[in-house]
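One structure below.
Chains as they are written, first to last, in our numbering: chain A, 510 to 718; chain B, 1421 to 1829.
The structure is reproduced here in structure tokens:
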């Protein structure tokens, strides 16, 4: 019964709140072949589109997790409900991650079909980066209660990655493109920590049920 | 003035402004500040010379290799893209190559067979390179440029055969001693050091000013609705133009504060690094004002206008696209990169005074153009705001009645 209720919430949430975001993420996937060459690439060259475009998808899908409640009217309605907001948020994150994984693996598969050297490990690496930057946006939005700040920080972090390869160390998002090892596990863990920290902050400081 | 002060106070207290300041400072410290930490009087690198023979030889051999491999490297959007031509276009390239080399069918096949085979990465596909294929005696450079323009067009643009880039792709030579001396003289005597550094400062700070202000502008414009104060504000006895422009002025003023602080830090750094040299103490305050304020005005105006029209962060998406076009999709070299309609002007060096001055007319035109565009956008924003107050307009919905793009926050 609980799972049925959750499924209904998920369906309603996607339909009313997140469909444009999901479509935008699919749009990013579709414009990838226009911006990048995806065929006959070596592993290092293939890493460039595989690392950059999923980062945009991560920002689009994970940063606005708390966006519906930015509207005070919706927030008041949600506050009156019995269902914990953390469960709803966790469900939104899960939906976003599933879609993110599908899109990244679809991109990897397409590249592989076009004779590019893409492996499952590379797709997982791309997923780790996208998860980390999306989680950063989610965390900032959760702490400041402002989605725009979430977008600002995550987008600027993405831009910083174009200029500050050395300074970012293990938090560098395009490590596969430059053949740097050991960054992706750190990013995956950081993403999880940021999401957990955002949830704890909302519960402890903002008294969110 | 009272309204301006209230709006400034509101912005100062916002998370968006604090994060804006932090990111702006971080960008400045990690880019400009760290790049200018050491004394440097000349770029001392390579310089592009307009040597037609060198350009034609280089481009011909490169095009031969690309034709033989049927793989052309392009950067149409600033990122690597390899293009494969279909039979018809490939034949056209072949005809061009025959024309440039002056070879007939048999001769061309002979030339083609001289290519050296190599492999890229783990790929088993054969790639070819050519080094000593000569251009036909007396071949005209103008015709060569026409051919290269057509090849670039067939490849979809952004290739090394773009006539505007030919010099930088195939004719780079180490800078001669006398040029290094002239560059040093211009930097010390004419730019008085800080003039050159101010150009580099504007180049770096312009990159983040091209995008950062849109976030704060979108936040401030949406803030009334988020706090459900908009109806209260709508009923006030103040004209829409006055209110919108007071908010715009407050945004510009507050967002220029970190830039002004960075100017001061840059000047202090220059005084320390180049101590003992004669410097223009006002250079860091003159050029950046002309260069950077139109960028700040435009990205703020995009944030205000689009948020007002769509009641959503659509502005962020639009400004990201504009920023991407002006910053990431710039052709090299990144010096004196100014067109009549360039928003974010590039000059990624403290030197090259002559190149910068050569494009001064376009530079001035572009600054005036973007200032006027920004003010026109703000007038439009005031009209939209007025229509919203009158109830005749309630924003444009992009995705139907309950769409996220219509979110009033």
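All C-beta atoms, glycine included, are put in the ideal place defined by N, C-alpha and C.
Between which two residues does the beta strand (DSSP E) containing residue i stretch?
{"i": "residue 1493(B)", "result": "1492 to 1494"}
{"i": "residue 1538(B)", "result": "1536 to 1538"}
How far does the alpha helix (DSSP H) with residue i in it extend, from its first residue to its last?
{"i": "residue 1482(B)", "result": "1472 to 1489"}
{"i": "residue 1501(B)", "result": "Premise fails: residue 1501(B) lies in the beta strand (DSSP E), 1501 to 1503, not in any alpha helix (DSSP H)."}
{"i": "residue 1734(B)", "result": "1734 to 1743"}
{"i": "residue 465(A)", "result": "Chain A is shown from 510 up to 718; residue 465(A) falls before or after that span and cannot be answered."}
{"i": "residue 1728(B)", "result": "1703 to 1730"}
{"i": "residue 717(A)", "result": "From DSSP, residue 717(A) is part of no alpha helix (DSSP H); its letter is neither H nor E."}
{"i": "residue 1660(B)", "result": "1660 to 1693"}
{"i": "residue 1567(B)", "result": "1561 to 1574"}
{"i": "residue 1806(B)", "result": "1780 to 1810"}
{"i": "residue 1507(B)", "result": "1507 to 1521"}
{"i": "residue 1813(B)", "result": "Run containing residue 1813(B): none; DSSP gives neither H nor E here."}
{"i": "residue 598(A)", "result": "594 to 622"}
{"i": "residue 642(A)", "result": "629 to 653"}
{"i": "residue 1651(B)", "result": "1650 to 1654"}
Between the Cα of residue i and those of the options, spot the shortest distance and give me the residue it belongs to.
{"i": "residue 1804(B)", "options": "1619(B), 1439(B) and 1729(B)", "result": "1729(B)"}
{"i": "residue 1589(B)", "options": "1479(B), 1692(B) and 1660(B)", "result": "1479(B)"}
{"i": "residue 657(A)", "options": "666(A), 646(A) and 667(A)", "result": "646(A)"}
{"i": "residue 1501(B)", "options": "539(A), 558(A), 526(A) and 638(A)", "result": "558(A)"}
{"i": "residue 1422(B)", "options": "1523(B), 1669(B) and 1810(B)", "result": "1669(B)"}
{"i": "residue 1638(B)", "options": "1776(B), 1671(B) and 1650(B)", "result": "1671(B)"}
{"i": "residue 1783(B)", "options": "1611(B), 1813(B), 1794(B) and 1710(B)", "result": "1710(B)"}
{"i": "residue 594(A)", "options": "518(A), 560(A), 635(A) and 567(A)", "result": "518(A)"}
{"i": "residue 1775(B)", "options": "1763(B), 1758(B), 1791(B) and 1764(B)", "result": "1758(B)"}
{"i": "residue 1532(B)", "options": "1544(B), 1697(B), 1551(B) and 1540(B)", "result": "1551(B)"}
{"i": "residue 1459(B)", "options": "1505(B), 1617(B), 1708(B) and 1498(B)", "result": "1617(B)"}
{"i": "residue 1581(B)", "options": "1475(B), 1554(B), 1656(B) and 1440(B)", "result": "1475(B)"}
{"i": "residue 1534(B)", "options": "1779(B), 1427(B) and 1481(B)", "result": "1481(B)"}
{"i": "residue 540(A)", "options": "692(A), 616(A) and 652(A)", "result": "616(A)"}
{"i": "residue 565(A)", "options": "663(A), 671(A), 702(A) and 551(A)", "result": "663(A)"}
{"i": "residue 1444(B)", "options": "1738(B), 1652(B), 1680(B) and 1434(B)", "result": "1680(B)"}
{"i": "residue 643(A)", "options": "527(A), 532(A) and 563(A)", "result": "563(A)"}
{"i": "residue 1499(B)", "options": "543(A), 665(A) and 703(A)", "result": "543(A)"}
In this structure, how does DSSP classify residue i when only helix, strand and coil are distinguished?
{"i": "residue 1594(B)", "result": "strand"}
{"i": "residue 661(A)", "result": "helix"}
{"i": "residue 1549(B)", "result": "strand"}
{"i": "residue 674(A)", "result": "coil"}
{"i": "residue 1829(B)", "result": "Note that residue 1829(B) has pLDDT 42, beneath the 50 cutoff, so the model's placement of it is unreliable and no number is given."}
{"i": "residue 1766(B)", "result": "strand"}
{"i": "residue 1579(B)", "result": "strand"}
{"i": "residue 524(A)", "result": "helix"}
{"i": "residue 1631(B)", "result": "coil"}
{"i": "residue 1531(B)", "result": "helix"}
{"i": "residue 1554(B)", "result": "coil"}
{"i": "residue 1657(B)", "result": "coil"}
{"i": "residue 586(A)", "result": "helix"}
{"i": "residue 625(A)", "result": "coil"}
{"i": "residue 1497(B)", "result": "coil"}
{"i": "residue 656(A)", "result": "helix"}
{"i": "residue 547(A)", "result": "coil"}
{"i": "residue 1645(B)", "result": "helix"}
{"i": "residue 1626(B)", "result": "helix"}
{"i": "residue 1612(B)", "result": "coil"}
{"i": "residue 1700(B)", "result": "coil"}
{"i": "residue 1772(B)", "result": "coil"}
{"i": "residue 541(A)", "result": "helix"}
{"i": "residue 1584(B)", "result": "coil"}
{"i": "residue 1759(B)", "result": "coil"}
{"i": "residue 669(A)", "result": "helix"}
Counting only runs of 4+ residues fully inside the segment 1422 to 1473 of chain B, write out the alpha helix (DSSP H) ranges in chain order. 1422 to 1432 and 1435 to 1448
Which residues, in chain order, does the segment 593 to 621 of chain A contribute to contact with chain B at a C-beta distance below 7 Å? none
Please list, in chain order, the residues of the segment 670 to 689 of chain A that have any C-beta partner in chain B closer than 7 Å. 672, 673 and 676
Name the residues in the segment 649 to 664 of chain A whose C-beta lies less than 9 Å from a C-beta of chain B; which are they? 649, 652, 653, 654, 655, 656, 657, 658, 660, 661, 662 and 664
When Cβ atoms are compared, which residues of the segment 1488 to 1507 of chain B fall closer than 9 Å to chain C? No chain C appears in the structure shown, which is made up of the protein chains A and B.
Beta carbons nearer than 9 Å to chain A: which residues of the segment 1643 to 1657 of chain B have them? 1645, 1646, 1647 and 1648
Give the residues from the segment 1449 to 1469 of chain B that approach chain A closer than 8 Å (Cβ to any Cβ), ordered along the chain. 1450 and 1451
For the segment 680 to 704 of chain A, list the beta strand (DSSP E) runs that are entirely contained and at least 3 residues long, ordered along the chain. none
Tell me which residues of the segment 557 to 579 of chain A have at least one Cβ-Cβ distance to chain B shorter than 7 Å, keeping chain order. 557, 576 and 579
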